[in-house]
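What follows is a single structure, written as structure tokens, with notes after it.
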Amino acid sequence: MTKKSEGEQLKAQLEYSFEHIGSKRPEDIEKAAVFCEGYKAFMNASKTERECCAYVKKMAEAEGYREFDPKERYAAGDRVYFVNRDKNIILVTFGKKGLEEGVKFNIAHIDSPRLDLKPFPLYEKDEIAYLKTHYYGGIRKYQWGTTPLAMHGTVLLKDGTKVNICVGEEEEDPKFIISDLLPHLSAAQNKRPLSEGLKGEELNIIIGNIPYQDEKIKDRFKLSVLRQLNERFGMTELDFTRAEIEMVPAVKAADIGLDRSLVGAYGQDDKVCAYTAVMAAFEVREPDHTTVTVLTDKEEIGSEGNTGMASRALEHFIEDICDIFGAKPRNVFRHSVCLSSDVNAAFDPTFADVFDKNNSCMLGHGPVLTKYTGSRGKSGSNDASAETMAKVIGCMEKEDVCWQIGELGKVDEGGGGTIALFMGDMNVDTVDLGVPVLAMHAPFEITSKLDVYHTYRAFCAFYRS
4 MTKKSEGEQL KAQLEYSFEH IGSKRPEDIE KAAVFCEGYK AFMNASKTER ECCAYVKKMA
64 EAEGYREFDP KERYAAGDRV YFVNRDKNII LVTFGKKGLE EGVKFNIAHI DSPRLDLKPF
124 PLYEKDEIAY LKTHYYGGIR KYQWGTTPLA MHGTVLLKDG TKVNICVGEE EEDPKFIISD
184 LLPHLSAAQN KRPLSEGLKG EELNIIIGNI PYQDEKIKDR FKLSVLRQLN ERFGMTELDF
244 TRAEIEMVPA VKAADIGLDR SLVGAYGQDD KVCAYTAVMA AFEVREPDHT TVTVLTDKEE
304 IGSEGNTGMA SRALEHFIED ICDIFGAKPR NVFRHSVCLS SDVNAAFDPT FADVFDKNNS
364 CMLGHGPVLT KYTGSRGKSG SNDASAETMA KVIGCMEKED VCWQIGELGK VDEGGGGTIA
424 LFMGDMNVDT VDLGVPVLAM HAPFEITSKL DVYHTYRAFC AFYRS
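Take 4 as the starting number for the sequence shown in the working numbering and just add one per residue.
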């Protein structure tokens with residue numbers, strides 16, 4: 004063996020690079036593949052925040068969680084859940100140490116970019132029935148044209164009956180579609196900027212093309228659709244105003260690549276972190292510090308509303324727990340640590356010019372620790388402290404978790420935010436940790452199975468630390 008030079012030894016001692024997990028820990032390739040089978044099933048069943056909340060609640064009850072009761076008394080090892088308006092769920096495992104010694108928060112969001120129906124969406128034009136939409140979150144509108152869509156939602160009928168809707172997910176179900184121009188006639192459209200390839204008011208969904216059989220009736224194609232909605236769900240047109248109906252891609256989670264190394268699915272931002280956080284919460288049964296796993300809503304539109312992190316829902320829940328144990332909430336928050344578990348943009352070699360490669364996360368290198376988010380001059384960022392970074396890095400290194408560092412693109416290319424700043428406002432040490440994603444916010448996003456698995460391992464290490 005050739006002896007290393009002094010410079011080579013110094014380089015090995017002082018420099019650092021993040022390796023691909025497949026090279027560093029090839030034994031994890033099969034473990035990741037097995038873990039992601041459950042993940043794909045979760046993704047297929049959880050396309051909306053309501054569906055995700057219900058799915059996790061069922062999983063939690065199977066793991067021994069009970070619904071939280073502020074009148075009960077709890078001991079170390081007890082597990083409870085709390086559901087807020089069917090769109091948030093909080094999982095708690097009480098720790099051996101007192102609440103005022105701090106808790107371990109892990110917070111992911113379960114809403115994803117989509118197309119919502121307008122309050123009065125149904126109309127017909129030139130013998131085609133359409134649904135008008137208002138897009139939710141940051142989408143690239145042109146990606147949604149000619150993408151098969153499914154209808155998910157909840158309707159409150161006039162008599163108070165709650166009806167859940169899901170059409171388009173089963174193989175035999177009809178799908179829905181937004182049309183686009185054929186290339187032969189798109190000369191004028193081709194001159195539009197990419198952001199206006201399809202405009203917001205052009206995201207109209209085709210829902211029918213057969214008329215109601217009564218020529219005396221105006222808008223027969225619209226009426227035909229209304230009749231079908233009424234027969235199937237008991238709806239009238241006015242019931243759209245009492246509904247939350249979301250149009251999402253009618254695609255199933257799938258393995259990507261001949262080596263099946265990747266997962267493709269709609270809504271991986273940020274349900275990939277939600278699933279890994281929940282599975283880690285299930286795994287860690289007797290933590291030193293109480294663990295609080297939160298799946299929240301509305302992150303894609305600023306976290307506003309009473310189911311988003313800008314609300315005081317989580318704060319009030321912690322106050323309820325503190326009342327049981329005689330703790331002061333401000334002391335709990337002051338000594339706690341939070342993972343804002345959200346994804347980051349994986350380096351894409353096809354579009355390398357918008358990334359700073361030295362500070363970008365790569366597929367297959369593990370969860371990405373993102374010290375700050377925000378735009379340009381870190382606007383809207385939490386910007387984690389050195390002490391917080393050291394705590395989280397330390398717990399991952401202790402359990403040999405593969406991880407990496409990253410930021411969201413070059414400084415002046417754009418940016419984005421997470422829920423980290425809301426936890427910072429509560430005086431909680433917070434940092435972002437999550438899975439790298441290719442084609443983020445597209446109808447079909449890409450992640451690495453190795454990254455998903457090591458994110459789960461990172462969350463287990465965090466809960467145990």
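Backbone N, C-alpha and C define an ideal beta-carbon position, used for all residues, glycine too.
In this text the structure is predicted, and so the values were computed from the model without any measurement.
Asked                                                                                                                    : Found
Local conformation of F21 per DSSP, three classes                                                                        : coil
DSSP beta-bridge partners of K128                                                                                        : I131
Residues that P252 bridges to, as DSSP identifies them                                                                   : L152
D162 and V170 closer than 8 Å at C-beta                                                                                  : no
Between the CA atoms of A190 and V59 - distance to the nearest angstrom                                                  : 48 Å
Whole-angstrom distance between G367 and V440, CA atom to CA atom                                                        : 10 Å
Whole-angstrom distance between F462 and A25, CA atom to CA atom                                                         : Note on residue identity: the sequence assigns Gly, not Ala, to residue 25. G25 and F462: Cα-Cα distance of roughly 20 Å.
Host beta strand (DSSP E) of I259 (start-end)                                                                            : A257 to I259
Alpha helix (DSSP H) segment containing S227, residue limits                                                             : R223 to F236
Outcome for V37 when other beta-carbon atoms lying within 10 angstroms are tallied against a minimum of 16               : exposed
8 Å Cβ cutoff met for F236 and I168                                                                                      : yes
Coarse secondary structure for P122, derived from DSSP in three states                                                   : strand
Enclosing beta strand (DSSP E) for H112 [first to last residue]                                                          : K107 to H112
Which of helix, strand or coil DSSP assigns to Q407                                                                      : strand
F285 (DSSP reduced to helix, strand or coil)                                                                             : helix
Selection from C341, G308 and G305 that minimises the alpha carbon distance to T293                                      : C341
A387 and T433 closer than 8 Å at C-beta                                                                                  : yes
Own chain, CB closer than 7 Å to M429, minus 5 neighbours either side, in chain order                                    : E318 and F336
Which of helix, strand or coil DSSP assigns to L241                                                                      : helix
Cut-off 7 Å between Cβ atoms - residues of its own chain near V357, not counting five sequence neighbours on either side : G412, K413 and E416
Whole-angstrom distance between T5 and V346, CA atom to CA atom                                                          : 43 Å
Assigned secondary structure, P186 (DSSP; H/G/I helix, E/B strand, else coil)                                            : helix
Start-to-end residues for the beta strand (DSSP E) that takes in E400                                                    : Premise fails: E400 lies in the alpha helix (DSSP H), A389 to K401, not in any beta strand (DSSP E).
Extent of the continuous alpha helix (DSSP H) run through R337                                                           : P332 to R337
Residue interval of the alpha helix (DSSP H) (run including C39)                                                         : D31 to A48
Rounded separation between L185 and M46 - CA only                                                                        : 33 Å
Whole-angstrom distance between F243 and D119, CA atom to CA atom                                                        : 11 Å
Inter-residue CB distance, S344 and N91 (contact presumed, cutoff 8 Å)                                                   : S344 to N91, Cβ: 15 Å. No contact.
Extent of the continuous beta strand (DSSP E) run through G427                                                           : Per DSSP, G427 belongs to no beta strand (DSSP E); it is in the alpha helix (DSSP H), A423 to D428.
Range covered by the beta strand (DSSP E) that runs through K165                                                         : K165 to V170
Inter-residue Cα distance where the pair is E30 and D403                                                                 : 13 Å
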